[in-house]
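Residue numbers (the numbering used here): -10 to 202. The C-beta atom is built at its ideal place from N, Cα and C for all residues, glycine as well.
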C-alpha cells in the first residue's frame, strides 16, 4: 500500500525544488507561507534536498546548487561495490530471472546491483520494451539494439542510481507492463520485503499495481 503522507511529501519536495530552481535563493518563512506548512517542516524538506546535493542550505533559507562538477548524479563506485557483494549469488539470481523473460515482453525494471546484472543477460532477447527508474541501466539498454526503453522522471538519488518521488509514480501509471523485475535490500520474517531507501517501497508498490496479469 502506498504511503499517502510520504507521497504528498515527495510531491512537495519536487515543488519546493522547482521554486528554488526559479528563484535561485529562497527563505524558510516564504516557503512556509507558500506551501502552508510549518517552518520546521520547511527546514526538514530543505535538509532532504541538500542530502541529494540539489541545494545548499544557508542561514534562514537555501540556494540552488549549480556546481555539480565534483558530484555526479550517480555514484557509480558505490553501486559497483555493491555488485561485488555476494557476486555469485547475484549472478545466479540474474541468470534465473533472465531465463523467464520472453521475446516481446514489456518489463518494469528497478535499479540496483542485481538488476544491473540481469540487464547483461537480456542480450539474446528480442523486441523487449523496458520501463525503468534506474540511471545505471541506461548504458546497458543503449548498447542492446533489441531493447526499446523508457526512462521515468523524478528526483535523482545518486547513492542508488535511481529516480523516485511523486513524478516517478505519475509516470509509472502511464504504462502497463506484463512483467516486473524489482530489487530489494532484505527480507524480514516480520516485515516481509524491505528497502534501505524509504522512497523505494512507494515506487515499487506502484510498479506492482500497474503490471497486467
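#1: Only counting the same chain, and skipping five residues up and downstream in sequence, which positions put a Cβ closer than 6 Å to that of residue 58?
#2: Look at residue 122 and residue 161 and say whether their C-beta atoms are less than 9 Å apart.
#3: From what residue to what residue does the alpha helix (DSSP H) around residue 144 run?
#4: If residue 97 sits next to residue 164, beta carbons under 8 Å apart, how far is it from one beta carbon to the other, in whole angstroms?
#5: Near residue 0, which residues of its chain fall below 6 Å by C-beta distance, leaving aside the five closest residues on each side in sequence?
#6: Assuming residue 44 contacts residue 35 (C-beta within less than 8 Å), just tell me the rounded distance between them.
#7: Residue 158 lies in the alpha helix (DSSP H); which residues open and close that run?
#8: Using only the alpha-carbon positions, how far apart do residue 112 and residue 3 sit?
#9: Taking a contact to mean a Cβ-Cβ separation below 9 Å, would you say residue 171 touches residue 104 in this structure?
#10: Taking the beta strand (DSSP E) that residue 206 falls in, what are its first and last residues?
#11: Classify residue 61 as buried or exposed, calling it buried when 16 or more other Cβ atoms lie within 10 Å of its own Cβ.
#12: On the DSSP bridge list, what partners appear for residue 168?
#13: Take residue 80 and list the residues in its own chain whose beta-carbon comes closer than 8 Å to its own, dropping the five residues that flank it on each side.
#14: Is it right to say residue 166 is buried, meaning 16 or more other beta carbons lie within 10 angstroms of its own, or is it exposed?
#15: List in chain order: all unbroken alpha helix (DSSP H) runs of 4+ residues lying wholly within the segment 97 to 145.
#16: Taking residue 102 as the reference, which of 82, 88 and 95 has the closest Cα?
#17: Comparing the C-beta of residue 141 with each C-beta of chain B, is any distance below 9 Å?
#18: So residue 52 and residue 13 are supposed to be a Cβ contact under 8 Å. How far apart are they, rounded?
#19: Per DSSP, what kind of secondary structure is residue 90 in: helix, strand or coil?
#20: Taking only three categories from DSSP, how would you classify residue 173?
#21: Using a Cβ-Cβ cut-off of 7 Å (strictly less than) and excluding sequence neighbours within five positions of residue 94, which residues of its own chain qualify?
#22: Residues in its own chain within less than 6 Å of residue 31 by CB, not counting five upstream and five downstream?
The answer reads as follows:
#1: Your numbering for residue 58 matches position 69 in the chain shown. Only weak support exists for where residue 58 lies, its pLDDT of 45 falling under 50; the value from the coordinates is given anyway. A distance below 6 Å between beta-carbons, with the five flanking residues on each side excluded, links residue 58 to no residue of its chain.
#2: Counting from 1 along the chain shown, the entry for residue 122 is found at position 133. Counting from 1 along the chain shown, the entry for residue 161 is found at position 172. Yes, these two residues count as a Cβ contact at 9 Å.
#3: As a position in the chain shown, residue 144 is number 155, starting the count at 1. Not the alpha helix (DSSP H): residue 144 falls in the beta strand (DSSP E), residues 144 to 146.
#4: Residue mapping note: residue 97 aligns to position 108 of the chain shown, counting from 1. Residue mapping note: residue 164 aligns to position 175 of the chain shown, counting from 1. With a Cβ gap of about 7 Å, residue 97 and residue 164 count as contacting.
#5: Locating residue 0 in the chain shown gives position 11, counting from the first residue. For residue 0, same chain residues with a beta-carbon under 6 Å away, outside a window of 5 residues either side, are 155 in chain order.
#6: In the chain shown, counting from the first residue as 1, residue 44 sits at position 55. In the chain shown, counting from the first residue as 1, residue 35 sits at position 46. Contact holds; Cβ gap of about 7 Å.
#7: Your numbering for residue 158 matches position 169 in the chain shown. Segment 155 to 161, the alpha helix (DSSP H) holding residue 158.
#8: For the purposes of this step, residue 112 is identified with residue 123 of the chain shown, where counting begins at 1. For the purposes of this step, residue 3 is identified with residue 14 of the chain shown, where counting begins at 1. Whole-angstrom Cα-Cα distance: 36 Å.
#9: For this step, residue 171 is matched to residue 182 along the chain shown. For this step, residue 104 is matched to residue 115 along the chain shown. Against a cut-off of 9 Å, the Cβ pair of residue 104 and residue 171 comes out as a contact.
#10: The displayed coordinates of the chain run from -10 to 202. Any statement about residue 206 would go beyond what the structure contains.
#11: Translated into the one-based positions of the chain shown, residue 61 becomes position 72. For residue 61, the predicted model reports a pLDDT of 43, less than 50, meaning its position is unreliable and no value from the coordinates is stated.
#12: Sequence index remark: in the chain shown, residue 168 carries index 179 (1-based). DSSP lists 96 as partners of residue 168.
#13: Within the chain shown, the letter at position 91 stands for residue 80. Same-chain partners within the cutoff: 106.
#14: Position 177 of the chain shown, counted from the first residue, corresponds to residue 166. Sixteen is the threshold: when 16 or more other Cβ atoms of the shown chains lie within 10 Å of the Cβ of residue 166, as they do, the residue is buried.
#15: Whole alpha helix (DSSP H) segments, 4+ residues: 102 to 109 and 127 to 131.
#16: On the chain shown, position 113 is the one that residue 102 refers to. For residue 102, the nearest C-alpha among the options comes from 82.
#17: Chain labels in this structure do not include chain B; a single protein chain is all it has.
#18: Translated into positions along the chain shown, residue 52 becomes position 63. Translated into positions along the chain shown, residue 13 becomes position 24. That pair is a contact at about 6 Å.
#19: Position 101 of the chain shown holds residue 90. Reduced to three states, the DSSP call for residue 90 is coil.
#20: Within the chain shown, the letter at position 184 stands for residue 173. Look at residue 173 here: in three-state DSSP terms it is coil, with no helix or strand label.
#21: For this step, residue 94 is matched to residue 105 along the chain shown. Close CB contacts of residue 94 within its chain, under the 7 Å cut and outside five residues either way in sequence, are with 117, 167 and 168 (chain order).
#22: The residue you call residue 31 lines up with position 42 of the chain shown. Sequence-distant Cβ neighbours of residue 31 in its own chain, meaning closer than 6 Å and more than five residues away, are 17, 20 and 21.
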